[in-house]
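*Asks:* Protein sequences, first through last, are from chains A and B. Just so we're aligned, residue 1 is where the first sequence starts under my numbering, counting upward by one. Just so we're aligned, residue 296 is where the second sequence starts under my numbering, counting upward by one.
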Amino acid sequence: MKGLLETLIRGLGNGSVYALLALGFVIIYKATRVISFAQPALMLAGGVAVSHLTGVTGFYPAVLLSALLIAGVALAIERVAIRPMVGRPVFVVAIITLGIDVVVRVVVNAFIGRDVRQVGDPWGFMQVSIGPLVVQTRWLAMMAATAVLVGLLFAFFRHTRYGLAMRAAAFDQETALAQGVSVGAVFALSWGLAGFLAAIAGMFVGTGQGIEQMTWVVALKALPAIIVGGLDSLGGAVAGGLVVGVVESLFQSYQGEYAPWLGQNFAVVSPYVVMLVVLLVRPYGLFGTREVERV
Amino acid sequence: MTRAAPHIPAGRSRRVRGRPLLYTSYTQDMALLDTPAKKTGTAVLVLLAFALAVLLQDRSLEVLAGAYALAIGAIGLNLVTGYAGQVSLGHAFFVAIGAYTAAALSGPPGGDTLGYGLAELWIWLPAAGLAAAAAGVLVAPLATRLRGLYLAVVTLGLVFLGEHVFKEWDELTGGPGVGREAAVPQLLGVRLDQDGPLGTKEQLLYTLMLTLLIVFAVAARNLARSRVGRAFAAIRDRDIAAAVIGVPLTRYKVLAFGISSFYAGCAGGLLYTISGYVEPGSFNLLLSVQFIAMVLIGGVATVSGSIAGALFISLLQPVTRSLPALVPFISADTTKTPNVFQVETVLYGLLIVLFLIFEPRGLYGLWIRVRNYWKAWPFSY
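1. Can the beta-carbon of F552/B be found closer than 7 Å to that of G431/B?
2. Please name the residue in G245/A, L42/A, G120/A and L286/A whose C-alpha comes closest to that of I9/A.
3. What separation, rounded to the nearest whole angstrom, lies between the Cα atoms of F171/A and F187/A?
4. Just to confirm before moving on: does the CB-CB distance between A605/B and A360/B stay below 7 Å?
5. Are any of the Cβ atoms in chain A nearer than 7 Å to that of E415/B?
6. Which of the three DSSP states, helix, strand or coil, is assigned to Y411/B?
7. Given that a residue counts as buried once 16 or more other Cβ atoms are within 10 Å of its Cβ, and exposed if not, what is A74/A?
8. Skipping 5 residues on each side, what residues in its chain have a beta carbon closer than 7 Å to that of D490/B?
9. Excluding the 5 residues preceding and the 5 following V218/A in the sequence, name in chain order all residues of the same chain whose CB lies nearer than 6 Å to its CB.
10. Does E476/B come out as helix, strand or coil in the three-state DSSP assignment?
11. When DSSP labels each residue in this structure, what does R486/B get in the three-state scheme?
12. Check the Cβ-Cβ distances between S223/A and every residue of chain B, and say whether any is below 7 Å.
13. Between which two residues does the alpha helix (DSSP H) containing L602/B stretch?
14. As a quick exercise: from V539/B, R475/B and R533/B, pick the residue whose alpha carbon is nearest that of G406/B.
15. Quick one: which chain A residues come within Cβ less than 9 Å of L456/B?
16. Pull up the CB-CB distance for T568/B and A478/B, whole angstroms please, since I reckon it's below 8 Å.
17. Taking buried to mean at least 16 other C-beta atoms within 10 Å of its own C-beta, is V17/A buried or exposed?
18. Which residue's Cα is closest to the Cα of V292/A: S570/B, T597/B, I535/B and G564/B?
19. Do G336/A and A194/A have their C-beta atoms within less than 7 Å of each other?
20. Name, in chain order, the residues that DSSP records as bridge partners for R117/A.
21. What's the call for H159/A, buried or exposed, on a 16-neighbour Cβ count within 10 Å?
22. At 8 Å on the CB atoms, spell out the chain A contacts of H459/B, in chain order.
23. Look at the alpha carbon of G644/B and the alpha carbon of L342/B, and state the distance between them as a whole number of angstroms.
24. Which residues in chain A sit within 8 Å of V584/B, going by Cβ to Cβ distance?
25. Residue range of the alpha helix (DSSP H) that S401/B falls in?
26. Starting from I35/A and walking both ways along the alpha helix (DSSP H), at which residues does that stretch end?
27. Name the chain A residues whose beta carbon is nearer than 8 Å to that of Y643/B?
28. Please tell me whether M296/B has its Cβ less than 7 Å away from any Cβ of chain A.
29. Could you check what DSSP says for I569/B in three-state terms: helix, strand or coil?
30. Is M296/B helix, strand or coil when you go by DSSP?
31. Who does V135/A pair with in a DSSP beta bridge?
32. Compute the beta-carbon to beta-carbon distance between A267/A and Q252/A, rounded to the nearest angstrom, for a pair I have assumed lies under 8 Å.
33. So G564/B packs on T396/B, CB below 8 Å; how close in whole Å?
34. Under the three-state reduction of DSSP, which class applies to G13/A: helix, strand or coil?
35. Pull up the DSSP beta-bridge partners for G491/B, would you.
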């Protein structure tokens, strides 16, 4: 029981990082109807930026600065490569983001080099006991930070002018345009927000084990998360992220014991299995809206 | 009063001299090579391609042979993504199934890895295709339930699951970092991967790949202009509308995935005969992205474009490898920062982005522009 609870907390911790990444995907998807495959590169860039800045400014300012920096990079990408493609098939734009991802990652890798870079976080592998449970502090930090960010984000969408504009544009672009919403600004804002969230997620991925060239693969786990939750549901992204984190953590702890025939490291691919199972039952994810089909 | 049905000329009717674009029958309009220019052009290209086997050095032939094998895979991806409009990021998975089926069938029995000793090409090549096609047909039901980007992400998941299975299944694949020997190309008792009386290893493999590429390309062109091809195009353009006019969606989506995977499987079986070695880590997302790049850079929904795209991507590597000699600040050393591998990867990404923004029809579109310019010359405005 103790082991199970500890596994769950680790799962929720990692899951909240996936939730941040998934939120970035969903925000871009809702605004532009495109899955941005550039998120892994932005996440990696965020982690690397923190690792470079942390020695100069200290950890917390470094996180804020990097998140703003990556938001700026995301804005630039949107302006240069995505805006000219408005009105083109979504598949084409998605592939463009795939190309951008490849390019940005090469540049970022040059800043990583051969070694593992530490992000200089105050948590490391420190452990803390809550009653009988012994868990790593970083899982708790991840959960707390995600809870705060998700709260702020939902408040932003619900209570601010720009949040309203984004919701309007996501609902119906042309009508929003007719009501005076600048859809271009909404696109830019959505990419900026996604970059900001990806950078924070990148920092958390780097806590403890550090950042290396292969770390970008972690961001792809947010893809099953958004599919499980439903591509166009912000709540679904958070739920999907947590589900993916917990499932992965459960497989990490128990698969070796109960299902060794699945092979080592099955936990890494378990989110994709969950995704396939969910899709077989609900083709639009758990919380996604069913597409209304017209000829 | 009944009127006689209008006479529709069947078969090959006469061409009018000096009017290459005047079609006098449906068959003429639908012909693969519908103008004399295309006929001579294609004939010259094919002859030239075969002549290259004796004209080029072995090193270049090896690169081209690999490009032709990749082109078969790219045509497969273009059938499902370009013609039928079903976005698949899972092509690497089907390529892997083909590669391992071929390797296992033709491998020596009783070695470290599975092998059945059936080295004849005409046994393992169709088998590799069929095994991959079977996997494609199994995946296809998902495609009938999902649309657009949901499908792209699911096929992406397939690559990761496949990579995991192949890394774990040591008996078949030799395990990550170790790998196994690839399929043995033997045709009627002649080993094509060894120098022999008929030519060097590279010459033999080059000729084999070229011949097979022509067979697969013609088959794909014929498929695309048949009833099946028209159904694919209808589904791509608007699947509900296609269903309304009587195209059975499920059947044709399954068919598209099956055929595409067959091509991928054959390409996988052939591709690794050149290096003679398969490593399970090579069937990753990057391979899928490379196939997507070939299709997009070459030209969506064109067979000739797929071939051009495959050649382009394959030749990119030797070209970037020769850059350090020309551009002094690019290093061949992987530990230096602007090195050839980085340049190569950046080029993949940039080329995809630039082609999509500036010439969505790809290399094929560039060719159309050039052709139209000269067709109308000197009134090219």
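For each residue, glycine too, the CB sits at the ideal point set by N, CA and C.
*Replies:* Quick answer:
1. Within the second sequence, residue 552/B is the residue found at index 257, counting from 1. Within the second sequence, residue 431/B is the residue found at index 136, counting from 1. Contact flag set, yes.
2. By one-based count along the first sequence, residue 9/A stands at place 9. The candidate whose alpha carbon is nearest that of I9/A is G245/A.
3. Here residue 171/A is taken as the residue at index 171 of the first sequence, counted from 1. Here residue 187/A is taken as the residue at index 187 of the first sequence, counted from 1. Going by the C-alpha atoms only, they are around 13 Å apart.
4. Counting from 1 along the second sequence, the entry for residue 605/B is found at position 310. Counting from 1 along the second sequence, the entry for residue 360/B is found at position 65. Going by C-beta atoms, A605/B is not nearer than 7 Å to A360/B.
5. Mapped onto the second sequence, residue 415/B falls at position 120. For E415/B, the answer is no, since every Cβ of chain A falls outside 7 Å of its Cβ.
6. Residue 411/B sits at position 116 when you count from the first residue of the second sequence. Residue state, collapsed to three classes: coil.
7. Counting from 1 along the first sequence, the entry for residue 74/A is found at position 74. When all chains shown are included, A74/A counts as buried.
8. Taking the second sequence and counting its residues from 1, one reaches residue 490/B at position 195. Correct list, in chain order: K496.
9. Counted from its first residue, the first sequence places residue 218/A at position 218. Around V218/A: V205.
10. Position 181 of the second sequence holds residue 476/B. In the structure shown, E476/B sits in a strand (DSSP, three-state: E or B).
11. For the purposes of this step, residue 486/B is identified with residue 191 of the second sequence, where counting begins at 1. R486/B: strand per DSSP, three-state reduction.
12. Within the first sequence, residue 223/A is the residue found at index 223, counting from 1. Residue 223/A is actually Leu in this sequence, not Ser. So, interface residue.
13. By 1-based counting over the second sequence, the position of residue 602/B is 307. Checking the displayed sequence, the identity of residue 602/B turns out to be Ile instead of Leu. V598 to R616 is the span of the alpha helix (DSSP H), which, as asked, contains I602/B.
14. Counting from one through the second sequence, the residue named residue 406/B turns up at place 111. Ranking V539/B, R475/B and R533/B by Cα distance to G406/B puts R475/B first.
15. In the second sequence, residue 456/B corresponds to position 161, counting from 1. The contacting residues are V269, Y272, V273 and L276.
16. For the purposes of this step, residue 568/B is taken as residue 273 along the second sequence, with counting starting at 1. For the purposes of this step, residue 478/B is taken as residue 183 along the second sequence, with counting starting at 1. That belief holds up - the Cβ atoms of T568/B and A478/B are roughly 5 Å apart, short of 8 Å.
17. Here residue 17/A is taken as the residue at index 17 of the first sequence, counted from 1. Buried is the call here.
18. Mapped onto the first sequence, residue 292/A falls at position 292. Per the Cα distances, I535/B.
19. Because chain A is modelled from 1 through 295, residue 336/A falls outside the range shown and cannot be assessed.
20. In the first sequence, residue 117/A corresponds to position 117, counting from 1. R117/A pairs with I211/A.
21. Taking the first residue of the first sequence as position 1, residue 159/A is located at position 159. Exposed, since its Cβ has fewer than 16 Cβ neighbours within 10 Å.
22. Walking along the second sequence from the start, residue 459/B turns up at place 164. Here the neighbours are G263, N265, F266, V268 and V269.
23. For the purposes of this step, residue 644/B is taken as residue 349 along the second sequence, with counting starting at 1. For the purposes of this step, residue 342/B is taken as residue 47 along the second sequence, with counting starting at 1. Using only the alpha carbons, I get a separation of about 34 Å.
24. Translated into the one-based positions of the second sequence, residue 584/B becomes position 289. Within 8 Å Cβ-Cβ: L98 and V102.
25. Looking up residue 401/B in the second sequence gives position 106. Looking at the DSSP string, the run of the alpha helix (DSSP H) that includes S401/B is H386 to S401.
26. Indexing the first sequence from 1 puts residue 35/A at position 35. Where I35/A is concerned, there is no enclosing alpha helix (DSSP H), given that its DSSP letter is neither H nor E.
27. On the second sequence, residue 643/B is found 348 positions in, with the first residue counted as 1. Per Cβ cutoff of 8 Å: G99 and V102.
28. For the purposes of this step, residue 296/B is identified with residue 1 of the second sequence, where counting begins at 1. Because the pLDDT of M296/B is 48, which lies under 50, any placement of that residue in the model is unreliable, and the number read from its coordinates should be weighed accordingly. Answer no: the Cβ-Cβ gap between M296/B and chain A never drops below 7 Å.
29. By 1-based counting over the second sequence, the position of residue 569/B is 274. Coil.
30. Translated into positions along the second sequence, residue 296/B becomes position 1. Residue placement at M296/B is flagged as unreliable, the pLDDT there being 48, under the threshold of 50; the coordinate-derived value follows with that caveat. Note: M296/B maps to coil in three-state DSSP.
31. Translated into positions along the first sequence, residue 135/A becomes position 135. Answer by DSSP bridge pairing, in chain order: V128/A.
32. Taking the first sequence and counting its residues from 1, the one referred to as residue 267/A is at position 267. Taking the first sequence and counting its residues from 1, the one referred to as residue 252/A is at position 252. So it is a contact: roughly 4 Å between Cβ atoms.
33. Here residue 564/B is taken as the residue at index 269 of the second sequence, counted from 1. Here residue 396/B is taken as the residue at index 101 of the second sequence, counted from 1. Indeed, because the Cβ distance is near 7 Å, the residues count as touching under 8 Å.
34. By 1-based counting over the first sequence, the position of residue 13/A is 13. In this structure, G13/A counts as helix in the three-state DSSP scheme.
35. Position 196 of the second sequence, counting from 1, holds the residue named residue 491/B. Paired residue(s): G494/B.
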